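Residues 10 to 142 (my numbering) are what the sequence shown spells out, left to right. Remarks on the structure that follows.
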Amino acid sequence: MLPGTKRCDLRQHTITALCYLLRYPFALLNLIVRPFRGRAWRNPRSIVVIKPCCLGDLVMTTPLLEVIRHAYPDASISYVAGTWSKVIPEHHPAVDTVIDCGTVGIPGRYNFIDYRKLARTLRAHHFDLAFVL
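This is the structure we're talking about:
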């Protein structure tokens, strides 16, 4: 679409209107969530990074691990990775524990039972902060 055409202008006006309409529900949500913020961000004891799929994407998250370790030096950092890719976080100095998620995260390869088992494992650790990538 060329700028200045009616179709482009309609699209731009629609996006602008949606932004204005969604501003208020998100502001209300921010007021509701605000009292629960703070403790985990200031001094988390345990942090989890979840990236179950795609070896290349997992490699690209390694700089994030160093930043997290620098920001929270006393926190325990866990990494959730697939069976085939867990070797990378296992040998990273910033990661304390690696949780094997099996095939969860691979489209079409996991079932509800695997997903539920991973959710129970994550709940059992009581993480203060999570990075879902």
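Idealized CB from N, CA, C, for every residue including glycine. This structure is a prediction, so every number in the text was calculated from the model and none was measured.
In DSSP terms, what residue i is bridged to
i	result
Ala139	Val57
Ala90	Asp109
Presumed contact (8 Å Cβ cut-off) between residue i and residue j, rounded CB distance
i	j	result
Phe140	Val76	That belief does not hold up - the Cβ atoms of Phe140 and Val76 are roughly 10 Å apart, past 8 Å.
Ala84	Arg54	6 Å
Tyr81	Ile56	6 Å
Lys60	Leu142	4 Å
Ile86	Asp105	5 Å
As assigned by DSSP and simplified to three states, the class of residue i
i	result
Ala84	coil
Thr23	helix
Thr71	helix
Cys63	coil
Ile77	helix
Met10	A caution first: Met10 carries a pLDDT of 48, below 50, which makes its placement in the model too unreliable to give a value.
Reference residue i; option with closest CA among the options
i	options	result
Cys110	Leu30, Arg78, Trp93 and Ile97	Trp93
Leu64	Asp123, Ile56, Ala90 and Ser85	Ala90
Ile108	Cys28, Thr23, Arg78 and Pro98	Pro98
Leu138	Tyr88, Gly117 and Pro116	Tyr88
Val68	Tyr81, His101 and His135	His101
Phe136	Pro72, Asn52 and Lys126	Asn52
Whole beta strand (DSSP E) elements within the segment 94-141, 3-residue minimum
The qualifying runs are 106-109 and 138-141.
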